[in-house]
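See structure below.
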Amino acid sequence: MAAIIELADVHHAYAQYRQEGEDVVRTPAIQGVTLSIEEGSFMAVVGHNGSGKSTLAKHMNALLLPDRGTVTVAGMSTADESRLWDIRQTVGMVFQNPDNQIVSSIVEEDVAFGLENLGVPREQIRPRVEAALDAVGMSGHALKAPHMLSGGQKQRVAIAGVIAMRPRVIVFDESTAMLDPAGRAEVLDTAVRLNHDEGITVIWITHFIEECMAAGRVVVMSGGTVDMDGPPLLVLRERATLRGLGLTAPPMLELSGRLREAGVPLAGDPSTLEQMAEALCPLLSKN
Ligand SMILES: Nc1ncnc2c1ncn2[C@@H]1O[C@H](COP(=O)(O)OP(=O)(O)OP(=O)(O)O)[C@@H](O)[C@H]1O
Ligand SMILES: [Mg+2]
4 MAAIIELADV HHAYAQYRQE GEDVVRTPAI QGVTLSIEEG SFMAVVGHNG SGKSTLAKHM
64 NALLLPDRGT VTVAGMSTAD ESRLWDIRQT VGMVFQNPDN QIVSSIVEED VAFGLENLGV
124 PREQIRPRVE AALDAVGMSG HALKAPHMLS GGQKQRVAIA GVIAMRPRVI VFDESTAMLD
184 PAGRAEVLDT AVRLNHDEGI TVIWITHFIE ECMAAGRVVV MSGGTVDMDG PPLLVLRERA
244 TLRGLGLTAP PMLELSGRLR EAGVPLAGDP STLEQMAEAL CPLLSKN
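Per my numbering, residue 4 is the first one in the sequence shown, and the count goes up by one each step.
And the structure:
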């Protein structure tokens, strides 16, 4: 598969202006990131607070432009102003707080909002809104008031608003951070389904490291650079390296690592509770 997003040696520093007469302070946020993201893939991004994840996300749909290096989306450079609309339509973003992303008092109107702004003809809006709500499992809530919904449901409405624009990529920037465990699972499952069923490329930024197990690829950021990059099991079992970056491996991988260190001959890499139980059972029955 071809790359849908390519970052080549991307650098970004935020300029902060102090009081008049004082110098501009520049905070480096991304320092030489090179990444090629395959169309149709599901890539998770983790990293400690301030490691540059959101800055990276904002480069993927031209909300920020690199100081140095290039970002290419479906062959378009984000520095090419004439392609801004195409880039924003290709890469949708879902943010942390569902309440900040909902603008209407009826779910279906909220999902239609972006399409109306784009000037999509009326007769095309309804089928696109219905398809988008269906894709996130919210068809039954089309006429409800968003504030009556749970956090997970609100995020799914926000996702429907993005899907209605028919993006090829969706970047989720900590979209589960404000949700309870049920809501988190709901939103992650929705992203997995959109990736699997609709072929939408997913960039999943999270600080819940166990969510990375749903991805095909995990990128670990630290200090504005990519420090680890690979399949979840290979990256997430590097417990010492993760610890050095201020992160802890997902619970079952942490546990299997510790058991092995304690001399328990555990087979495979159990990463869920069920797998752990399966791996431990034969060892227990031997004794
Ligand atoms: N608007 C801004 N102005 C100045 N500095 C900023 C701004 N936004 C982010 N930074 C700084 O840039 C660096 C990277 O921030 P960024 O928000 O990309 O990290 P992050 O990994 O998303 O963090 P978090 O886990 O807290 O969301 C940090 O040092 C941060 O303080
Ligand atoms: Mg962030």
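Using N, Cα and C, we set each Cβ at its ideal position, and we do this for glycine too.
Between the Cα of residue i and the Cα atoms of the options, which residue gives the shortest distance?
i: V97; options: D89, S108, P254 and A60; result: A60
i: A135; options: V160, T251, E119 and H150; result: V160
i: D70; options: M79, G78, T58 and V76; result: T58
i: H62; options: A47, C284 and L10; result: L10
i: H150; options: A32, H210 and D102; result: D102
i: V114; options: R29, V195 and Q158; result: Q158
i: E93; options: H199, P170, S288 and E133; result: Correcting the residue identity first, residue 93 is Thr in this sequence and not Glu. Among H199, P170, S288 and E133, the Cα nearest to that of T93 belongs to P170.
i: Q104; options: R261, V132 and S178; result: S178
i: S44; options: E277, V172 and L66; result: V172
i: M279; options: E111, M255, G260 and R261; result: M255
i: E133; options: V106, E241 and V165; result: V165
i: I8; options: S54, L146, V205 and V123; result: V205
i: A243; options: P184, A163 and E257; result: E257
i: I162; options: R129, L197, A270 and D230; result: L197
Once the 5 residues before and after residue i are set aside, which same chain residues still bring their CB inside 7 Å of it?
i: M216; result: P235, P253 and S274
i: L191; result: T179, E214 and A217
i: L87; result: A65
i: Y20; result: V27
i: G117; result: G164, A167 and M168
With DSSP collapsed to three states, give me the class of residue i.
i: T81; result: coil
i: G50; result: strand
i: S225; result: strand
i: F116; result: helix
i: T193; result: helix
i: A167; result: coil
i: M4; result: coil
i: T244; result: helix
i: G72; result: strand
Alpha carbon to alpha carbon, what distance is there between residue j and residue i?
i: S85; j: R91; result: 12 Å
i: M79; j: M168; result: 18 Å
i: A188; j: Q156; result: 11 Å
i: L250; j: V267; result: 24 Å
i: E42; j: L286; result: 42 Å
i: E214; j: E25; result: 44 Å
i: L121; j: N52; result: 35 Å
i: T209; j: G55; result: 12 Å
i: A16; j: A32; result: 5 Å
i: R261; j: L283; result: 13 Å
i: P184; j: A82; result: 39 Å
i: G247; j: L237; result: 16 Å
i: L68; j: S225; result: 20 Å
i: D232; j: L146; result: 43 Å
Apart from the five residues on each side of it in sequence, which residues of its chain come closer than 6 Å, Cβ to Cβ, to residue i?
i: D12; result: G35, T37 and G72
i: E23; result: none
i: A47; result: W207, C215, A218 and V221
i: A18; result: V27 and R29
i: E126; result: none
i: S142; result: L136
i: I128; result: A115 and L118
Quick one: what's residue i bridged to in DSSP?
i: A16; result: P31
i: R294; result: Nothing can be reported for residue 294, as the shown portion of the chain is limited to 4 through 290.
i: V172; result: V94 and T204
i: G233; result: V221
i: T37; result: None, per the DSSP bridge assignment.
For residue i, collect the residues of the same chain with a Cβ closer than 8 Å to its Cβ; drop the 5 residues on either side in sequence, then sort them by chain order.
i: E264; result: none
i: V123; result: R131
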